[in-house]
Amino acid sequence: MQKQPYIIECDAGKVAVCACGKSANLPRCDGSHKGSGVGPTIIDVEEKKTLAICGCGHTGNAPYCDGSHSKL
15 MQKQPYIIEC
25 DAGKVAVCAC
35 GKSANLPRCD
45 GSHKGSGVGP
55 TIIDVEEKKT
65 LAICGCGHTG
75 NAPYCDGSHS
85 KL
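Letter by letter, the sequence shown follows residues 15 to 86 in our numbering.
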């Protein structure tokens, strides 16, 4: 985890965002959650865009950043 969002460029399609924190490629899921009971959050991206994914774990709008890190 970090005290700022992960900024990622996404093409249209599905993006698997890590929800367990174990991925070696945060914020994208790499399958490290296997056996943990926690799976990725799937985002359906309709067109190419830049996403701000929460890096601090305190957002109220998971998996997106809502600026909560600025209050930590």
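Idealized CB from N, CA, C, for every residue including glycine.
Being a predicted model, the structure only gives us computed values, none of them experimental.
message: In chain order, what are the residue ranges of uninterrupted beta strand (DSSP E) at least 3 long that sit wholly in the region 15–72?
response: Listed in chain order, they are 20–24, 27–31, 55–59 and 63–67.
If you drop the 5 nearest sequence neighbours on each side, which residues of the same chain put their C-beta closer than 8 Å to that of residue 62? Translated into the one-based positions of the sequence shown, residue 62 becomes position 48. Shown here for residue 62: same chain residues with a beta carbon closer than 8 Å to its own, the five before and five after excluded, namely 23, 24, 25 and 26 in chain order.
Discussion item. On the CB-based measure, 16 or more other CB atoms within 10 Å of its CB, does residue 67 come out buried or exposed?
Written reply: Your numbering for residue 67 matches position 53 in the sequence shown. That one is buried.
Residues near residue 77 in its chain [Cβ-Cβ closer than 8 Å; skip 5 each side]:
Against the sequence shown, residue 77 aligns to sequence position 63. These residues qualify, in order along the chain: 31, 33, 41, 55, 57, 67 and 68.
(Q) Using 8 Å for Cβ pairs, my map puts residue 79 next to residue 17. What's the rounded Cβ distance? (A) What you label residue 79 is simply residue 65 of the sequence shown in a count that begins at 1. What you label residue 17 is simply residue 3 of the sequence shown in a count that begins at 1. Contact annotation, residue 79 with residue 17: C-beta distance approximately 11 Å; criterion of less than 8 Å not satisfied.
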